[in-house]
Amino acid sequence: MSNLILNNQIVEDEWTVVQLPKVEQEVRMQAGKVVMFKLTGENTVTAEQITNTQVPATGKVLIPLSVYVARKNEFTSRLANQEVGIWLATHEVIDSLAAVETDLNVFPLIAVYVERFADGRIFTIGNLLRTRFQFKNTMRAFGDVLRDQLFFLKRSGFNSYLIRADRSAEEALHSLKDFTQPYQGAVDNSQPVWRRVARSL
Amino acid sequence: MYKYDEIDQQIVDERVAQYRDQTQRYLAGQLSEDEFRPLRLQNGLYIQRHAPMLRIAVPYGMLSSKQLRKLGDIAKRYDRGYGHFSTRQNLQLNWPKLEDTPDILAELSTVQMHAIQTSGNCIRNITTDQFAGIAPDEVIDPRAMAEVMRQWSTFHPEFALLPRKFKIAVSGTQQDRAIVQAHDIGMEFYRDTENKVAIKVWVGGGLGRTPILGSVIREHLEWQHALTYCEAIIRVYNLHGRRDNMYKARIKILVKALGIDEFRNQVEAEWLHLKDNPNTITEAELARVAKHFEAMPYESLPAHDASFDAAIASNPAFAAWAKRCLHAHKTPGYRAVTLSLKPHGKAPGDATSEQMQVVADLAEQYSFGELRVSHEQNLILADVKLSDAYAVWEKARASGLATPNIGLLTDIICCPGGDFCSLANAKSIPIAEAIQMQFDNLDYLHDIGDIELNISGCMNACGHHHVGHIGILGVDKDGSEWYQVTIGGKQGNDASIGTVIGPSFAADEMPGVIQRLIDVYIKERTDEERFIDTVRRIGITPFKAHVYADKAVKDNKPEVAHV
Ligand code: HEM
Ligand code: SF4
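Residue numbers (our numbering), protein chains in the order written: chain B, 1 to 201; chain H, 1 to 563.
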């Protein structure tokens, strides 16, 4: 059975995730803007990996951000057919995608890969995609995605979650309703509770 | 103090249900140890040396009698009849059963309490001055803002899983008592030149392995923007703080790596997008929350009380207590009272269930049913009439809560250390007890005067040893327990981090070492000088010379680096 949640329902996954070829040396997953390059002094994806990435010729494909940025022209017609989505890891920055594609809404799907449950960068990335880059289409979280993140992911702008294969998506659905009236404004509802309802003393 | 409405209550109730379900999934084997850890931590549950430890939030240190009674009751029924008040104004239970924790949280929710975000890599309990609202030097009562920030930070979706824990302190006094400079974010409220409430914002302070005092990121922030500005700071941190090494993951490391100027630029750039968003605080919302913190219905009293003055004159024991344990109050005829949780020879900060009931009664009878927890690990009755002070003293004394040592050498700030904590290098409570016994003479203690002694069992610095006038740190050398001593640390506006005096000591040497430090001070001090002033004036050398006078350097093992 499918483990993909889209807008509060379990649906079949129509997308194929395109992976970068593995490299021998270990990459430090700490890159970010200037900052982290400065701190760790390295990039995470090599030019060679980008060239060697194999993209299936047909169907809906989720392409790594770095591959799309470097090889954008290959995908023009498929993009027009709504067959191209983007995925990025939590250490990557959306700005590099926005630099080649002014309106991110050309993509029907952007997915963010979270390697470890405890990596909360995904929430900020979701928030930025929705509020800064005005992305309106499907936003998916995948990787180490378990039900206990869902409420936060939803509030950070995600509307699709690929639950880790060994867990039940059916059960995970419950967690989208963990809290009825959260305190602060966030992506799903920008109003903090005191602007949403008249609070008594 | 703040009282929940239906919305607050619903959030806490829903949390209990969520956590109960998480615990059940864990016990049923559906959540691995690793997966359950961040979930239980965000609910205050640590697994420590002997048993789980549950940390219950006391938001900015405020408690009602009813809440304290419940805490005493919970400690009795689910634990061993006592609790530990911590330097972050929380209460820790050392022996609860994991299976019981959902029930404990359910009981807490009936008195508007919880354990949300008391540990884990998220925004923690917001702390402030224990005399908020009543201190004569207060410019702005920070509690309403602290409550607004508590609500905003509770389950903040973007900051649910930060690189590391995140601590915010707020303060609104001339003399800082909230150690704002030792927090990830410190907010100092003041009145600007137009007499408007403004905030001076500090960032990147913290103790732990790498003690650093915060830097000022903004001199002037209008209070309305407190939340959005914090969002900008924490967003930059969430994206760029290190996640590869937990010892380098605090915001202070990022601020240091970038330099405060570059960090500020990035925060300000981010804030341009966030400023004026709906989380901007409105006058109406602040006023709604502030209503909960309005002044108590004080009687109008003369500044002096004859019965109090007579008792002081005739009863030296009472006078000694009054001198140390009563504190000035904004309102004439009132005092704040500190109930010492530092009786000599007992674990600092511990209170038994019975003591909690007694304090709850005292608060009810003499202080409008409210009390506070201080980061020095004592309990405070904030609004006691001078004419009631004697009665409070008698009752407190009968329950071991009136040791007249507040601010003195035996008012030790101490972490749980090796007796409880699995991260410890060394025990800390027995050291505190031994020092208290060494100085178990009140006249002598009063003569030594104001001094702060802090003990941590390892470099995580839960006992704030870096900012103690004397700091003691447990270190591990070849598998045995040693203690490194610093002097010259200080909290407050002129905060500083202490300097290590030299090679470390064995446990049984410690009372003697402290004695020698005090001897140097007594010999060198001028009339008005406190210990810290003398250290600052003459430097550490004379102290060092006396402490190590008969210790041949070769006797000592190689020194552990001060990291
Ligand atoms: C027994 C269980 C405890 C454990 C396992 C524990 C663990 C830790 C750890 C690992 C740190 C360092 C975190 C870092 O620097 O990133 C820390 C810091 C701290 N702990 Fe604890 N702690 C415990 C109990 C306490 C208690 C009882 C108190 C209060 C008396 C306390 C107060 C603090 C404070 C104030 C800090 C912050 C120091 C800073 O600003 O870096 N902790 N704790
Ligand atoms: S300072 Fe170290 S020993 Fe003490 S409570 Fe903190 S982690 Fe444990």
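Ideal Cβ placement from N, Cα and C applies to all residues, glycine included.
What did DSSP end up calling F85/H once you bin it into helix, strand or coil? Position 85 of the second sequence, counted from the start, is the residue given in the question as residue 85/H. Reduced to three states, the DSSP call for F85/H is strand.
Can you tell me whether A51/H sits near ligand 2, meaning its C-beta is under 7 Å from at least one heavy atom of the ligand? Position 51 of the second sequence holds residue 51/H. The answer is no for A51/H.
Mark A319/H as exposed unless 16 or more other C-beta atoms lie within 10 angstroms of its C-beta, in which case mark it buried. For the purposes of this step, residue 319/H is taken as the residue at position 319 of the second sequence. Exposed, by the Cβ-count rule.
The beta strand (DSSP E) with D138/B in it runs from where to where? Against the first sequence, residue 138/B aligns to sequence position 138. One detail in the question is off: residue 138/B reads as Thr in this sequence, not Asp. Residues T138 to G143.
Under a CB-based cut-off of 8 Å, is Q30/B close to chain H? Mapped onto the first sequence, residue 30/B falls at position 30. Summary for Q30/B: the model assigns pLDDT 42, below 50, so the residue's position carries little reliability; its value from the coordinates is reported in the next sentence. So, interface residue.
Could you please tell me which residues of the segment 167–192 of chain B, in chain order, have their CB closer than 7 Å to any CB of chain H? D178, F179, T180, Q181, P182, Y183, Q184, G185, A186, S190, Q191 and P192
Have a look at T58/B and L128/B and give me their C-alpha separation to the nearest angstrom. Here residue 58/B corresponds to residue number 58 of the first sequence, with the count starting at 1. Here residue 128/B corresponds to residue number 128 of the first sequence, with the count starting at 1. Taking the straight line joining both Cα atoms gives about 31 Å.
Could you tell me whether the Cβ of N3/B comes closer than 8 Å to any Cβ of chain H? In the first sequence, the residue the question calls residue 3/B occupies position 3. No, its Cβ sits nowhere closer than 8 Å to a Cβ of chain H.
Same chain only: Cβ atoms within 6 Å of L31/H, ignoring 5 sequence neighbours per side: Sequence index remark: in the second sequence, residue 31/H carries index 31 (1-based). Hits under 6 Å: R25.
List the endpoints of the continuous alpha helix (DSSP H) containing T118/H. On the second sequence, residue 118/H is found 118 positions in, with the first residue counted as 1. Here T118/H belongs to no alpha helix (DSSP H), and DSSP marks it neither H nor E.
Along chain B, in chain order, which residues have C-beta atoms closer than 7 Å to that of N238/H? Stepping through the second sequence from its first residue, residue 238/H is reached at position 238. Residues of chain B passing the Cβ test: G120, R121 and T124.
Extent of the continuous alpha helix (DSSP H) run through I5/B: One-based indexing of the first sequence puts residue 5/B at position 5. Where I5/B is concerned, there is no enclosing alpha helix (DSSP H), although the beta strand (DSSP E) it sits in stretches over L4 to L6.
Does R199/B come within less than 8 Å of chain H when only Cβ atoms are used? As a working mapping, residue 199/B is identified with position 199 in the first sequence. Interface residue, yes.
What do you get for I11/H, buried or exposed, if any count of 16 or more other CB atoms within 10 angstroms of its CB means buried? Translated into positions along the second sequence, residue 11/H becomes position 11. Buried.
Would you decide whether V11/B is buried or exposed? Buried here means 16 or more other CB atoms lie within 10 Å of its CB. Taking the first sequence and counting its residues from 1, the one referred to as residue 11/B is at position 11. Exposed is the call here.
Using only the heavy atoms of ligand 2, determine whether one of them is closer than 7 Å to the beta carbon of S175/B. What you label residue 175/B is simply residue 175 of the first sequence in a count that begins at 1. Result no, Cβ not under 7 Å from ligand 2.
Select from K323/H, E481/H and R209/H the residue whose C-alpha is nearest the C-alpha of K252/H. Locating residue 252/H in the second sequence gives position 252, counting from the first residue. Checking every option, the nearest Cα to that of K252/H belongs to R209/H.
Taking only heavy atoms of ligand 2 into account, decide whether any of them is closer than 7 Å to the Cβ of N460/H. Within the second sequence, residue 460/H is the residue found at index 460, counting from 1. Yes, since a heavy atom of ligand 2 falls inside the 7 Å radius drawn around the Cβ of N460/H.
Under 8 Å between C-beta atoms, does R140/B make it to chain H? For the purposes of this step, residue 140/B is taken as the residue at position 140 of the first sequence. With 8 Å as the cut-off, R140/B does not count as an interface residue toward chain H.
How would you list, in chain order, the residues of chain H whose beta-carbon sits under 8 Å from the beta-carbon of R130/B? Within the first sequence, the letter at position 130 stands for residue 130/B. The contacting residues do not exist; R130/B stays about 11 Å from chain H at best.
Can at least three beta-carbon pairs, one atom from the segment 367–380 of chain H and one from the segment 347–359 of chain H, be found at a separation below 8 Å? yes
CA-to-CA distance, R71/B to V100/B, given in whole angstroms: Residue mapping note: residue 100/B aligns to position 100 of the first sequence, counting from 1. Residue mapping note: residue 71/B aligns to position 71 of the first sequence, counting from 1. Taking the straight line from one Cα to the other gives about 11 Å.
Kindly list the residues whose CB is nearer than 6 Å to the CB of A146/H, restricted to its own chain and excluding five residues on each side of it in sequence; keep chain order. For the purposes of this step, residue 146/H is taken as residue 146 along the second sequence, with counting starting at 1. Around A146/H: Y60, I126, T128 and V170.
What are the residues of the segment 139–154 of chain H that lie near chain B, defined by any Cβ-Cβ distance shorter than 7 Å? Q151, W152 and T154
Tell me where the beta strand (DSSP E) around D585/H begins and ends. Lying before the first or after the last residue shown, residue 585/H is absent from chain H, which here runs from 1 to 563.
How would you write the range of the beta strand (DSSP E) that A198/H sits in, first residue to last? Working through the second sequence from its first residue, we reach residue 198/H at position 198. V197 to V203 is the extent of the beta strand (DSSP E) around A198/H.
Quick check on this structure: which residue in K248/H, T526/H and V359/H has the alpha carbon closest to the alpha carbon of R69/H? Taking the first residue of the second sequence as position 1, residue 69/H is located at position 69. Residue V359/H is the option with its Cα nearest to R69/H.
Closer than 7 Å, Cβ to any Cβ of chain H: which residues of the segment 147–164 of chain B, in chain order? D148, F152, R155 and S156
Report the rounded CA-to-CA distance for W271/H versus S374/H, giving the unit in angstroms. Against the second sequence, residue 271/H aligns to sequence position 271. Against the second sequence, residue 374/H aligns to sequence position 374. So the alpha carbons of these two residues sit roughly 33 Å apart.
So what does DSSP say about S399/H, is it helix, strand or coil? Position 399 of the second sequence holds residue 399/H. In the structure shown, S399/H sits in coil (DSSP, three-state: anything other than H, G, I, E or B).
Can you find a CB in chain H that lies within less than 8 Å of the CB of R71/B? For the purposes of this step, residue 71/B is taken as residue 71 along the first sequence, with counting starting at 1. It does not; no Cβ of chain H falls within 8 Å.
Answer yes or no: does any C-beta atom of chain H fall closer than 8 Å to that of N81/B? One-based indexing of the first sequence puts residue 81/B at position 81. No - not a single Cβ of chain H is within 8 Å of the one on N81/B.
In angstroms, rounded to a whole number, what distance separates the CA positions of F117/B and V145/B? Here residue 117/B corresponds to residue number 117 of the first sequence, with the count starting at 1. Here residue 145/B corresponds to residue number 145 of the first sequence, with the count starting at 1. Cα-Cα distance, rounded: 6 Å.
Here's the rule: buried if 16 or more other CB atoms are within 10 angstroms of the residue's CB, otherwise exposed. What is R335/H? Within the second sequence, the letter at position 335 stands for residue 335/H. Buried, since its Cβ has 16 or more Cβ neighbours within 10 Å.
In the DSSP assignment, find the alpha helix (DSSP H) that holds M510/H and state where it starts and stops. Within the second sequence, the letter at position 510 stands for residue 510/H. M510/H -> alpha helix (DSSP H) spans M510 to E524.
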